[in-house]
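Take a look at the structure set out below.
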């Protein structure tokens, strides 16, 4: 199956006392541009998360948002700095006894003093935390991938439909070529009759002129290549995978053949058919921008 470059996936799970939430969003981009956003406390896991995403996604602008909340345990430990507290209390009692100031010392007033508490980050098993984060990231990637696959199926159906239209138009081009030649030969005969005042016409000269014109307007090679490209398109869609760039190159080749067909001859109906082919190719090109 082919996949769209746009998608969304989310997963939430509690692992080892932490509630881990992961959201993945992506939009079209020529290459893979992966941005990881997670709390600074867990920045050690950023590269591992990025590698997990890269193993699943090959193209697109991808944003991954991670949030981690501790459940019942604290990521930091706060303790009382007793030597500092005792120093503050001794100094305050000196103020009371020496200067007769009212003793209004309270916990709230003490809590405002600097360096009264020691704040220490709890020991973190970085390897375990990284493993937990990656597990939830993979769940979000699974949901993300499912959405991209659904959109990819819709894109594939549209591309196959348009490819079928182009094949029909190519058949019209092939059917029109001999008609265009016959019309040219009839016009040439009529013009020569007019010039020669209805005298006997040199049939060999008409045949020679018609042969030259036929060679000039022949589009057999172009339509054969166009059919071949359509077959390649079908094979790519059937094979699936990351085919966006290959499709983009193939469409350039198909456009080249259409332009060559349009430049040959001077037939209004043929020109209209080529315009229709190019319109379908442009619609396919627009859709290809959404394919991974």
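In our numbering, the protein residues as written are 353 to 644.
For glycine and all other residues, C-beta sits at the position ideal for the given N, C-alpha and C.
Backbone secondary structure at residue i - three-state DSSP
{"i": "residue 436", "result": "helix"}
{"i": "residue 374", "result": "strand"}
{"i": "residue 342", "result": "Residue numbering for the chain in the displayed model covers 353 to 644; residue 342 lies beyond these limits and cannot be assessed."}
{"i": "residue 635", "result": "helix"}
{"i": "residue 412", "result": "strand"}
{"i": "residue 394", "result": "helix"}
{"i": "residue 421", "result": "strand"}
{"i": "residue 406", "result": "helix"}
{"i": "residue 383", "result": "coil"}
{"i": "residue 472", "result": "strand"}
{"i": "residue 354", "result": "coil"}
{"i": "residue 429", "result": "strand"}
{"i": "residue 518", "result": "helix"}
{"i": "residue 598", "result": "helix"}
{"i": "residue 314", "result": "Because the chain here runs from 353 to 644, residue 314 falls outside it and cannot be looked at."}
{"i": "residue 504", "result": "helix"}
{"i": "residue 359", "result": "strand"}
Residue i versus residue j - alpha carbon distance
{"i": "residue 618", "j": "residue 380", "result": "41 Å"}
{"i": "residue 377", "j": "residue 401", "result": "14 Å"}
{"i": "residue 442", "j": "residue 449", "result": "11 Å"}
{"i": "residue 532", "j": "residue 622", "result": "9 Å"}
{"i": "residue 408", "j": "residue 384", "result": "11 Å"}
{"i": "residue 406", "j": "residue 397", "result": "15 Å"}
{"i": "residue 399", "j": "residue 390", "result": "11 Å"}
{"i": "residue 575", "j": "residue 634", "result": "18 Å"}
{"i": "residue 468", "j": "residue 375", "result": "40 Å"}
{"i": "residue 601", "j": "residue 523", "result": "23 Å"}
{"i": "residue 588", "j": "residue 581", "result": "10 Å"}
{"i": "residue 521", "j": "residue 367", "result": "58 Å"}
{"i": "residue 434", "j": "residue 489", "result": "43 Å"}
{"i": "residue 452", "j": "residue 446", "result": "9 Å"}
{"i": "residue 616", "j": "residue 636", "result": "24 Å"}
{"i": "residue 477", "j": "residue 382", "result": "38 Å"}
{"i": "residue 439", "j": "residue 429", "result": "23 Å"}
{"i": "residue 498", "j": "residue 388", "result": "21 Å"}
{"i": "residue 605", "j": "residue 614", "result": "14 Å"}
{"i": "residue 464", "j": "residue 444", "result": "14 Å"}
{"i": "residue 620", "j": "residue 578", "result": "21 Å"}
{"i": "residue 592", "j": "residue 486", "result": "27 Å"}
{"i": "residue 530", "j": "residue 603", "result": "27 Å"}
{"i": "residue 466", "j": "residue 454", "result": "22 Å"}
{"i": "residue 461", "j": "residue 496", "result": "52 Å"}
{"i": "residue 484", "j": "residue 457", "result": "47 Å"}
Residue nearest to residue i in terms of C-alpha spacing, selected from the options
{"i": "residue 392", "options": "515, 637, 418, 406", "result": "418"}
{"i": "residue 459", "options": "437, 593, 476, 447", "result": "437"}
{"i": "residue 516", "options": "357, 372, 632", "result": "632"}
{"i": "residue 570", "options": "624, 528, 422", "result": "528"}
{"i": "residue 369", "options": "422, 404, 382, 414", "result": "422"}
{"i": "residue 480", "options": "520, 394, 505", "result": "394"}
{"i": "residue 431", "options": "484, 464, 471, 451", "result": "471"}
{"i": "residue 362", "options": "354, 403, 415", "result": "415"}
{"i": "residue 413", "options": "487, 489, 636, 386", "result": "386"}
{"i": "residue 511", "options": "482, 371, 638, 373", "result": "638"}
{"i": "residue 628", "options": "447, 640, 607, 644", "result": "607"}
{"i": "residue 596", "options": "616, 614, 640", "result": "640"}
{"i": "residue 482", "options": "644, 603, 605, 403", "result": "403"}
{"i": "residue 583", "options": "556, 518, 620, 530", "result": "518"}
{"i": "residue 360", "options": "605, 494, 456", "result": "494"}
{"i": "residue 590", "options": "505, 462, 457, 455", "result": "505"}
Cβ-Cβ separation, residue j to residue i (assumed contact under 8 Å), whole Å
{"i": "residue 358", "j": "residue 503", "result": "7 Å"}
{"i": "residue 365", "j": "residue 491", "result": "7 Å"}
{"i": "residue 594", "j": "residue 410", "result": "4 Å"}
{"i": "residue 625", "j": "residue 525", "result": "6 Å"}
{"i": "residue 420", "j": "residue 354", "result": "That belief does not hold up - the Cβ atoms of residue 420 and residue 354 are roughly 34 Å apart, past 8 Å."}
{"i": "residue 643", "j": "residue 585", "result": "The Cβ separation is near 12 Å, so there is no contact."}
{"i": "residue 514", "j": "residue 356", "result": "Actually they do not touch by this definition, with Cβ atoms about 17 Å apart."}
Closer than 7 Å: residue i CB and nearest the ligand GDP heavy atom
{"i": "residue 644", "result": "Ligands are entirely absent from the displayed structure, and the ligand GDP is therefore not among its contents."}
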